[in-house]
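Residue numbers (the numbering used here): 1 to 193.
Below, the structure written as structure tokens:
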């Protein structure tokens, strides 16, 4: 009599999501820095000796469009994650490309708005703080573009499914952080003034 035991296989193992965790930690550190920058700006804005931004004309329409474009880029980025989970390479690449294009449009509008305000570094404390906070957002935006392009190359190589989607999800998580940071900065600097 043969003892036929069925071999059970545990199934596909998922890789540890170390890149997602590392991105989440970077987002936490970046959030702390952004909160500190906005907090310092708010405390200095209410100081008696703070000269203010009365001499600066703030272009409201382009700045509102930056917020809308950033949110659209975030939504399209989540489409890339959705498509990567379903192993749809064409949709994933299209969504990553559209996300990068929208992020470049966001960056263009931020730079246009800064140019329209005609702010000079060193003329007042308000100008310096606005340059610092907006410069931080611009740096984060460039990092986000590079991160998404690298994940697009991985998707082009066929790294899709649950593991590939986790990597794309990490890059989209970073962009979501940039969107939230920009909305907070936009509201604190350009809306509340």
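Beta carbons: idealized from backbone N, C-alpha and C, even for Gly.
Could you tell me which uninterrupted alpha helix (DSSP H) segments, each at least 4 residues in length, are contained entirely in the stretch 58–101, listed from first to last along the chain? Listed in chain order, the complete alpha helix (DSSP H) runs (minimum 4 residues) inside the stretch 58–101 are 60–85.
For a test of the three-state rule: what should DSSP assign to residue 56, helix, strand or coil? Coil.
Any idea if residue 190 is buried or exposed, counting beta-carbon neighbours within 10 angstroms, 16 or more meaning buried? Residue 190 comes out buried.
So, helix, strand or coil for residue 45, using DSSP? Residue 45 falls in the helix class under three-state DSSP.
Which two residues bound the contiguous alpha helix (DSSP H) that contains residue 159? Boundaries cannot be given for residue 159, as no alpha helix (DSSP H) includes it and DSSP labels it neither H nor E.
Between residue 178 and residue 123, is the Cβ-Cβ spacing less than 7 Å? No, the Cβ-Cβ distance between residue 178 and residue 123 is not below 7 Å.
Consult DSSP for residue 23 and reduce its assignment to one of helix, strand or coil. In this structure, residue 23 counts as helix in the three-state DSSP scheme.
To the nearest whole angstrom, what separates the beta carbons of residue 155 and residue 84, a pair I think is in contact under 8 Å? The C-beta separation of residue 155 from residue 84 comes to about 6 Å, placing the pair in contact by the 8 Å criterion.
Could you compute how far the alpha carbon of residue 18 sits from the alpha carbon of residue 95? Across the structure, residue 18 and residue 95 are spaced so that their CA atoms are roughly 24 Å apart.
For the structure I just gave you, are there three or more beta carbon pairs, one from the stretch 61–73 and one from the stretch 101–116, closer than 8 Å? Output reads yes: the stretch 101–116 touches the stretch 61–73.
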